[in-house]
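What follows is one structure encoded as C-alpha cells, with my remarks underneath.
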Amino acid sequence: MKKIIAATALTLSSLCNIASLAAEGDVGVAAAMDDRYCNTCHGVEGIGNIAVEAPRLAGMEAWYLKRQLENFRAGIRGTHGEDTQGIAMRSMAAKLSDESITDIVAWAGNWEYVPAEVTVEGNVNQGRTAFQTCAACHGVNAQGNEALGVPALAGQNDWYLITQLRNFRAGFRGSHREDTYGSQMVTMSKTLRDDQAVINVVSYINTLQK
Amino acid sequence: MTNAVSRREFLNLLGAYGGTSAVIQAGTALGFMPSSSRAAEISLQPSAGKKVAILGTGISALTTAWELTKAGYDCTLLEASHRPGGRMFTVRSGTVIDEIGNYQRCEWDNDPHLYFNAGAARIPSIHSSVLKYCKELEVELQVFVNESKTAWIQDDALNGGKPVRNTDYSSSMQGFISEMLTKSFGDSQLDSSLTKSESETLLGMLRSFGDLNEDMLYKGSIRAGYGSGGFLDHGTKKDVIALRDLLKTQLARNVMVTTNEGAGSGPLLMQPVGGMDRIVYAFANRLGDRIKFRCPVTEVMIREDGVEVAYEHNGVTEVLKADYCFNCIPSHLMSGIPNNFPDEYSEALNYIRRGKAYKAAFQAKERFWEKENIYGGITWVNAPTQQIWYPPHNIHGKKGVVLAAYNFGGANYTEMSQEDRIEDLLKHGEKVHANYRQMAEKPITIAWHRMNNMLGCAPRWARNRGGWSEKEEQMYETLRQPVNGRHYLIGDQSTQHSAWMESAIQSAHYALADLDQRVRSEAA
Ligand SMILES: Cc1cc2nc3c(=O)[nH]c(=O)nc-3n(C[C@H](O)[C@H](O)[C@H](O)COP(=O)(O)OP(=O)(O)OC[C@H]3O[C@@H](n4cnc5c(N)ncnc54)[C@H](O)[C@@H]3O)c2cc1C
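Chains as they are written, first to last, in my numbering: chain A, 1 to 210; chain B, 211 to 734.
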C-alpha cells in the first residue's frame, strides 16, 4: 500500500508547551492526511470487521465501491435515522473529493478477494428456493452483474447481508428518492416472508463463495 | 404551589424501596474497609535481551514497556497513530484531531494553560497505580475541581429555562430530604429499632444536613448564598424552591452526586499540570525510539517459540519477531486484524462492544465564568451537550478552555457536521451564559467512536444491565490467559472496570506478574 504522507510540522514554539518532548520527531507531527481511513473500520485490507459491523471490501467490484461511495457522499445512502452503520459511513464519505474516491477505489480495488467467515446457519434448501428471485439479477452464483448494476453477494459477510436485507425490508435503506437500485431491493426484499427467510437465503449464499 | 409531601406518602415510597429495617441492622462494613489501596510492587526478574513486541501505546502498553525496559527486556512498541497515549489525549495549540470524516487542527493560542483533556481528565485519590507513576516519573499534579456549588443547572423544564445555581438546587433538595426523613421518625418501626442515643445522633445529623429549623422543617438556608446583604449588613435567605419545582428536572441525579461519581472517585481528584498527556510523554520520552509511530499492526501470529507481528510503515510491510507480545489494540479493532488466536479467544475478543462518547471544548476570550463566581466545577444542562466544565487552573488568567459538551454516548453526533456540532454547543450553552457565543473561540469536537485507531470510548463487556453473565465471566477469564504463554491482551478491555487509567495499568501489572512467573520458572 502506498500512503502519501503530507506531514505538517508544528512550529517549534508550540512544541515547547510540552516540556521536554523527546519523541518529537514523530510525536509532534500531524497525521497523514489522505482519506485512506478504510482499514480502521473495515479491517486490514478490507477483510471486514464484525465487532464494528463494517463489511468486507476485499474483492468488492471497483465500480460498485465507487457507486456506493458516491451514493453515501450524496446522501442517497446513510441518511435514514435508523441506518446506524450507513450513517457512520456517510459521515466519512460526505468529505470525499472525486480524487479521493478515485484514489480509494484504486487502492481498495487491489485487495485480494478473501471469502468472509460463515457466522449464520439457516435452512439452506429453503434459502436456495428463495434465492431464485435474487439470481435473476445477482446471478445464479451470486457473482453480480456490472451491466445490470448489481453487486456480487458471494463471499460477503453473512451478518452484513442480513443487516442490509433487514434494512431494505424496513425501508431504512433504499427509500431515498434517488436510490433507484435500492428501491428495487426494497421491493424484492419483501418477497422474503420473514426474518427466518432472510437468514435462510443468506445461508444459501454462504454456499456460493467464489 | 405547595411543597409538602405527606409523611404517609413518603413512608409508602420508602416501603417501595425495601423499607428501612435492612439499612439499620448493625453492620460489619466498618471492618471491611481496606485501610488504603496500594499500587502493586513490581519487581521483575532481570531478563536481558528477551524481545517483547508491544502493540499500541495506551497507558497499559506504556506501563508494560517501562517496567520491562527497567528489567532489561528489549521492547518495541508499534503504534498506528502519529501520537502516543490512545485515550489519554490532550488538545492544545497545533494538535491534530484525527477523527474519521472530521479532521481538525486546534488553532488555540499558544499558552501552556490552554489545553483540553479530550479523553481521560480526572485522577481519583485511590487510583494508586496512576499516582505511583506520576510520582516516579515526576509528573506534577494539581487539584481538579469537579464540583462547584456556584455552577449552574439548566433545564428548560425548570425555572422557565433560566439557569439555577447548583447550590440553590442542592441546598433545597437536601433540606427537603432531611425534613422528610425526620418526619418518618414518628414511625414506630423505625423508633423501636434505634436506641435513644442513636436516634439523637441521626436527628442531629439530619437537622444539620438539611439545615432545618427548630421545628425540623426546611425553610431555606444561607448555604444557597444570601438573598441580600451578608457582609456589611445582615444576610437574608433566598426564597425556597418548592420541592415540586425541584422535581421538574431529572438532572438531580447528576447534581446531587457530582462529588461522588463512580467508584471511589469522589474528592479529591487530581490532574497533571499542563494536561493528561504529561503522563503519556513522561513514559514516551523515557522509552525514546523504542516507540515506532505510524506503524499499524496488520497481523498477529502466535508461534511455538514466540510471536510474529506484521506492521506497515510508509507502505512497506515489516515483521517483528519477539518472544512475547503485549497487546492493547482495542478488541473491536483486533477483530479486523488477521491473527491465529484460538477460536475461544477470538470469540471472547469479538464479543466486547465499544462504548461511545462525545466531548467538545473552546477557548474562551475571557474567563467569563469567574465573573459569575465560578472557579471550576460542572454546570449540568438537560441537552445532548450535558455538561460544561470550567478550568480550575490559571485562575484570573486571561483566557481559559471550557469543556462545552460531555456526553457518555452521543451517537447522534456521528452524523453532524462540525458546523452543526458547534451550533449545537453554542445554542445550549447560551441558555446558561448569555455571552457564551461571543466568548467562544475556535471550538473543537471529538466523537470518540469516530476517532481513527480507536473507534470507541470504553469497552463494554456486560450486555445486560443486571451485570456480568456467567458466559461473560468465562470469556473474560479466557482473555486473561496468555495465548500459548506468549500473547497478553492488556488495557482496560482486559479488566472488569473499564474507562479508568487505573484499570488499564493494573491489567499491565497482572500480565507482567504472569510473565515474570513464567520467566522465573523457565530459569529454574
Ligand atoms: C472521554 C473519555 C474520558 C475518560 N475519562 C477518564 C478519567 O477521567 N480518568 C481515567 O482514569 N480514565 C478515563 N478514561 C479512560 C482512560 O482514558 C482509558 O481507560 C485508558 O487510557 C485506556 O488505556 P489502554 O491501555 O486500554 O489503551 P488505549 O488508550 O485504548 O490505547 C489503544 C492504542 O492502540 C492503538 N492502536 C489501534 N489500532 C492499532 C493498530 N492496528 N496497530 C497499532 N496500534 C494500534 C491506538 O492508537 C492506541 O494508542 C476516559 C476515556 C475517555 C475516552
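Note that beta-carbon positions come from the ideal geometry of N, C-alpha and C, so glycine has one too.
Just to confirm the assignment, what range does the alpha helix (DSSP H) spanning residue i have?
| i | result |
| --- | --- |
| B:G438 | The identity of residue 438 of chain B in the sequence shown is Ser, whereas the question assumes Gly. Where B:S438 is concerned, there is no enclosing alpha helix (DSSP H), although the beta strand (DSSP E) it sits in stretches over Y436 to S438. |
| A:G127 | V124 to H138 |
| B:C538 | Where B:C538 is concerned, there is no enclosing alpha helix (DSSP H), given that its DSSP letter is neither H nor E. |
| A:V198 | D195 to I205 |
| B:W362 | From DSSP, B:W362 is part of no alpha helix (DSSP H) but of the beta strand (DSSP E) over W362 to Q364. |
| A:F72 | A62 to A74 |
| B:G639 | Q628 to G639 |
| B:G610 | Taken as a continuous stretch (DSSP letters only), B:G610 belongs to no alpha helix (DSSP H), being part of the beta strand (DSSP E) at G610 to N617. |
| B:Q716 | M711 to A733 |
Compute the Euclidean distance between the alpha carbons of residue i and residue j, then round it to the nearest angstrom.
| i | j | result |
| --- | --- | --- |
| B:K342 | B:I336 | 11 Å |
| A:I50 | A:V118 | 11 Å |
| B:A718 | B:H638 | 41 Å |
| A:M89 | A:D195 | 25 Å |
| B:F572 | B:S257 | 48 Å |
| B:D308 | B:T655 | 11 Å |
| B:S358 | B:G414 | 26 Å |
| A:A31 | A:D158 | Caution applies to A:A31, whose pLDDT of 39 falls short of 50 and renders its modelled position unreliable; the value that the coordinates give is listed next. For A:A31 and A:D158, the distance between alpha carbons rounds to 34 Å. |
| B:I234 | B:G676 | In this predicted model, B:I234 has a pLDDT of only 49, less than 50, meaning its place in the structure is not dependable enough to derive any value. |
| A:N167 | A:L208 | 23 Å |
| A:G28 | B:W579 | Any reading at A:G28 must be qualified, since the residue scores a pLDDT of 37, below 50, and its modelled position is unreliable; the value itself is stated next. For A:G28 and B:W579, the distance between alpha carbons rounds to 32 Å. |
| A:V201 | A:Q132 | 10 Å |
| A:V52 | B:L699 | 19 Å |
| B:M544 | B:V349 | 32 Å |
| B:R417 | B:E712 | 38 Å |
| B:L530 | B:D724 | 23 Å |
| B:V465 | B:L453 | 15 Å |
| A:A108 | B:D378 | 59 Å |
| A:Q164 | A:D83 | 9 Å |
How far does the beta strand (DSSP E) with residue i in it extend, from its first residue to its last?
| i | result |
| --- | --- |
| B:R513 | V507 to R513 |
| B:D284 | D284 to L288 |
| B:M480 | L479 to P482 |
| B:I451 | Element bounds for B:I451: n/a, residue is neither H nor E. |
| B:Y379 | Looking at the DSSP string, B:Y379 is not in any beta strand (DSSP E); the run it does join, the alpha helix (DSSP H), is N376 to K393. |
| A:Q156 | Run containing A:Q156: none; DSSP gives neither H nor E here. |
| B:Y568 | Y568 to A574 |
| B:L265 | K261 to L265 |
Taking Cβ positions, are residue i and residue j nearer each other than 8 Å?
| i | j | result |
| --- | --- | --- |
| B:W276 | B:L497 | yes |
| B:K581 | B:E651 | no |
| B:K261 | B:D533 | yes |
| B:M383 | B:L456 | yes |
| B:T459 | B:N592 | yes |
| B:L422 | B:E389 | yes |
| A:I205 | A:L153 | yes |
| B:G484 | B:Y428 | no |
| A:A116 | A:R56 | yes |
Going by DSSP, what residues sit across from residue i in a beta bridge?
| i | result |
| --- | --- |
| A:I87 | Looking at the DSSP assignment, A:I87 forms no beta bridge with any residue, so it has no partner. |
| B:R647 | None; B:R647 has no bridge partner. |
| B:E518 | B:M511 and B:K531 |
| B:I588 | B:W599 |
| B:Y698 | B:F536 |
| A:Q209 | According to DSSP, which records beta bridges pairwise, A:Q209 is partnered with nothing at all. |
| B:R670 | B:R563 |
| B:M661 | B:E309 |
| B:L351 | B:P482 |
| A:A54 | A:N49 |
| B:H523 | B:V526 |
| B:F326 | B:V301 |
What does residue i reach in chain B if we use C-beta pairs closer than 8 Å?
| i | result |
| --- | --- |
| A:C41 | I310, G546 and L665 |
| A:R90 | E625 |
Any heavy atom of ligand 2 closer than 7 Å to the beta-carbon of residue i?
| i | result |
| --- | --- |
| A:R36 | Absent from the structure shown: ligand 2. Ligands present: ligand 1. |
Residue i touches chain A at which residues, Cβ-Cβ below 9 Å?
| i | result |
| --- | --- |
| B:S748 | Nothing in the structure corresponds to residue 748 of chain B, since chain B is present only between 211 and 734. |
Taking residue i as the query, report the chain A residues whose CB atoms sit under 8 Å from its CB, ordered along the chain.
| i | result |
| --- | --- |
| B:R675 | Within 8 Å Cβ-Cβ: nothing; B:R675 doesn't reach chain A, min ~21 Å. |
| B:N560 | I50 and A51 |
| B:T274 | Under the 8 Å cutoff, chain A gives no residues; its nearest Cβ is about 17 Å from B:T274. |
Chain B partners of residue i, CB-CB under 7 Å?
| i | result |
| --- | --- |
| A:K95 | G311 |
Name the chain A residues whose beta carbon is nearer than 7 Å to that of residue i?
| i | result |
| --- | --- |
| B:N662 | Y37 and T40 |
Taking C-beta pairs closer than 9 Å, name the residues in chain B that residue i reaches, listed in chain order.
| i | result |
| --- | --- |
| A:I47 | G546, I547 and P548 |
| A:I87 | A621, T624 and E625 |
| A:V118 | The contacting residues do not exist; A:V118 stays about 13 Å from chain B at best. |
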